[in-house]
Amino acid sequence: MAAPPSRARADYDYLIKLLLIGDSGVGKSCLLLRFSDGSFTTSFITTIGIDFKIRTIELDGKRIKLQIWDTAGQERFRTITTAYYRGAMGILLVYDVTDESSFNNIRNWIRNIEQHASDNVNKVLVGNKADMDESKRSAKTNLNVEEVFFSIARDIKQRLADSDARVEPNAIKIGQQDQADGSAANAQKAGCCG
Ligand code: GTP
Numbered sequence: 009m010a011a012p013p014s015r016a017r018a019d020y021d022y023l024i025k026l027l028l029i030g031d032s033g034v035g036k037s038c039l040l041l042r043f044s045d046g047s048f049t050t051s052f053i054t055t056i057g058i059d060f061k062i063r064t065i066e067l068d069g070k071r072i073k074l075q076i077w078d079t080a081g082q083e084r085f086r087t088i089t090t091a092y093y094r095g096a097m098g099i100l101l102v103y104d105v106t107d108e109s110s111f112n113n114i115r116n117w118i119r120n121i122e123q124h125a126s127d128n129v130n131k132v133l134v135g136n137k138a139d140m141d142e143s144k145r146s147a148k149t150n151l152n153v154e155e156v157f158f159s160i161a162r163d164i165k166q167r168l169a170d171s172d173a174r175v176e177p178n179a180i181k182i183g184q185q186d187q188a189d190g191s192a193a194n195a196q197k198a199g200c201c202g
C-alpha cells in the first residue's frame, strides 16, 4: 500500500473569508442558509454572537472555499462581532427593503467597517426581502442570492491573484509542493480569525 502524503493537499485554490453585517432581523442568517444549504425558514432565531458556514464554489476553473461569517445584528454582541472584521476579505452589508431604518443604519455599519476592517476589504450592499417589495435580492425566493456571493468572490479572487502576481518576481518559495496554489497559503495567512 502506498504511503499517504506527509501533508494533505489543500482542497481549494483560494480561501475567501466573508462577513455578513446589518441590523438584527434583516435576514443575514437566512441569506447564508439559502446560499449554503439551499433552504429558508420563516422562524426568527436571532444569532448569538457569531456563526459561520462553508461553501466551496468554482470560478474560472479554480476552487474557491468561502468561509462565511454571520454576525449578530443586536447591539449587545457588537464587541464580539467587530473582532471578526479584521480577518474579512469581503463584507456583505445587508438591509431589509421593507424597513427604512435598516437602510439608514447602513451608514453606521460602514463606519464600523472603516474603523475595524482592512482598508482594501471588498464590500457589497444587499437589499433583502425583495419578495415583500420590488427590489433586488431575497433569501426567501433565492432571487440573486447566488449572484451576490459569486460576484464578491470573483472580485476578491481577482484582487488576490493580482497581489500574488505583484509579489511573484522576487518571492522565494518554500514548501510550495503541498499547496494546490500559492494563493491558498496566502489567503490562509491573511486572516486572523477563524
Ligand atoms: P440577527 O441574527 O438578529 O442579526 O438577524 P438576521 O439578520 O440574521 O435575521 P434572520 O435571517 O434570522 O431573519 C429574520 C426574519 O426575517 C426571519 O423571520 C426570516 O424568516 C425573515 N426573512 C429573512 N429573509 C427573508 C426574505 O427574503 N423574505 C421574507 N419575506 N422574509 C425573510
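Quick note on numbering: the sequence shown equals residues 9 to 202 in the working numbering.
Beta carbons: idealized from backbone N, C-alpha and C, even for Gly.
Give me the Cα-Cα distance between residue i and residue j, rounded to the nearest whole angstrom.
| i | j | result |
| --- | --- | --- |
| N130 | L28 | 12 Å |
| T64 | F158 | 11 Å |
| R162 | V156 | 10 Å |
| F85 | Y92 | 12 Å |
| G190 | A169 | Confidence is the limiting factor: at G190 the pLDDT is only 37, short of 50, which leaves the residue's position unreliable and the question unanswerable from this model. |
| G202 | K70 | Any reading at G202 must be qualified, since the residue scores a pLDDT of 36, below 50, and its modelled position is unreliable; the value itself is stated next. Computed Cα separation, rounded: 22 Å. |
| A192 | K25 | Low confidence applies here, because A192 scores a pLDDT of 41, under 50, leaving its location unreliable; read the following figure in that light. Spanning the two alpha carbons is a distance of roughly 12 Å. |
| E122 | Y20 | 30 Å |
| I62 | G46 | 13 Å |
| V153 | A173 | 31 Å |
| S171 | R115 | 29 Å |
Could you give the C-beta distance for residue i and residue j, rounded to a whole number, given that I count them as a contact under 8 Å?
| i | j | result |
| --- | --- | --- |
| G81 | V105 | Rounded, the Cβ-Cβ distance is 16 Å, inconsistent with contact. |
| V102 | L39 | 7 Å |
| D78 | S37 | 5 Å |
| I58 | G98 | The pair is not a contact, with the Cβ atoms about 16 Å apart (cut-off 8 Å). |
| A96 | A125 | 6 Å |
| T54 | S32 | 6 Å |
Taking the alpha-carbon of residue i as reference, which of the options has the nearest alpha-carbon?
| i | options | result |
| --- | --- | --- |
| M140 | G35, L23 and L26 | G35 |
| S109 | G30, A18 and K25 | G30 |
| K148 | L26, F43 and Y20 | F43 |
| L100 | S47, I76, L168 and A18 | I76 |
| L23 | T55, A125, E66 and N116 | E66 |
| I118 | G33, F48 and T90 | T90 |
| L74 | K165, D172, A173 and S171 | K165 |
| F60 | L41, S51 and F52 | L41 |
| N128 | I56, D172, R94 and I72 | R94 |
| E83 | S146, R174 and N120 | N120 |
Determine which residues share a DSSP beta bridge with residue i and list them.
| i | result |
| --- | --- |
| V132 | L100 |
| S146 | L151 |
| D78 | L28 and D59 |
| R115 | None, per the DSSP bridge assignment. |
The ligand GTP heavy atoms versus the CB of residue i: any closer than 8 Å?
| i | result |
| --- | --- |
| A147 | yes |
| I53 | yes |
| F157 | no |
| D78 | yes |
| V134 | no |
| K36 | yes |
Quick one: is residue i near chain B, going by C-beta distance under 9 Å?
| i | result |
| --- | --- |
| F43 | Considering every chain present, this structure includes no chain B. It has just one protein chain. |
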